[in-house]
Structures are given as C-alpha cells and as structure tokens.
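Note that the sequence shown ends on residue 125 in the numbering used here; no numbers are left out.
From the three backbone atoms N, C-alpha and C, an ideal C-beta is built for every residue, glycine too.
One structure below.
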Amino acid sequence: VVPYICHTHSASLIITGNEDANLLLDVEDYFQISIADANPNYRHNNEGDFDMSGHIRSILTGESKTIPVVANKLALGQYQGLFLYEHRADENNRKLLITLS
C-alpha cells in the first residue's frame, strides 16, 4: 500500500508511535523549535509565515510511505500508526491517494 498526500508543502505523512497522544505533541514541538514558522531568515513566504517552514517539514517527512500488507492488514509495528501531519494552522481539505499493488 502506498498512501500519498496530494499537497506540495502544507501536509505530509508520518509513521510513528500511536500508544501515547503526547508523542505527536512532542513531534510537533520538535518541528516548531527546529523549523520555526516566521523565521526572519526565510526568503520564501508567499503564502505567509508558515510557507517555508512547511516546505522544509515536507522535505524531511515526505508525502508518501510504502507499507507492506500481510494477511490483509497493514504490516505496521504493534505501536505504529500512519498520521497526516499538518504544516499549517488554517483549515484545509486534503486529498489522499492510495495505491494497492
């Protein structure tokens, strides 16, 4: 299975632990500290303060993942989950394509 998010920089897909909601909050905190929105050194900000930080986060996390299927189930680890990672604070509709092969 190959899920693919059809947005260039405003969202991406991540696989990480799903056993603790704080894990996702910590991931977001890490990215906010490491790749801050409204960084005065960013030159590309056509869509707002989040524009360049969204591109960088998308480059690092990716728009697609490849997940094997075993016995008709996604072969993720016991505590793994696939998550949509939003890079923008505003509300957006998302399109996700799923390829089965």
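It is roughly 42 Å from the alpha-carbon of R67 to the alpha-carbon of V93. Counting along the chain, T90 sits inside no alpha helix (DSSP H), nor does DSSP assign it H or E at all. Rounded to the nearest whole angstrom, the CA to CA distance from T123 to A45 is 28 Å.
Remark: C-beta atoms of L100 and I39 approach each other more closely than 8 Å. Counted as a single uninterrupted DSSP element, the stretch harbouring Q102 is not any alpha helix (DSSP H), since DSSP gives it neither H nor E. Taking C-alpha positions only, P64 is separated from G72 by approximately 12 Å. By the C-beta density criterion, L37 is buried, having at least 16 other C-beta atoms within 10 angstroms.
Taking 8 Å as the cut-off, the beta carbon of E87 is found closer than this to the beta carbon of Y28. Under DSSP, T40 takes part in a beta bridge, and its partners are G105. DSSP places L48 inside the alpha helix (DSSP H), whose first and last residues are A45 to S58.
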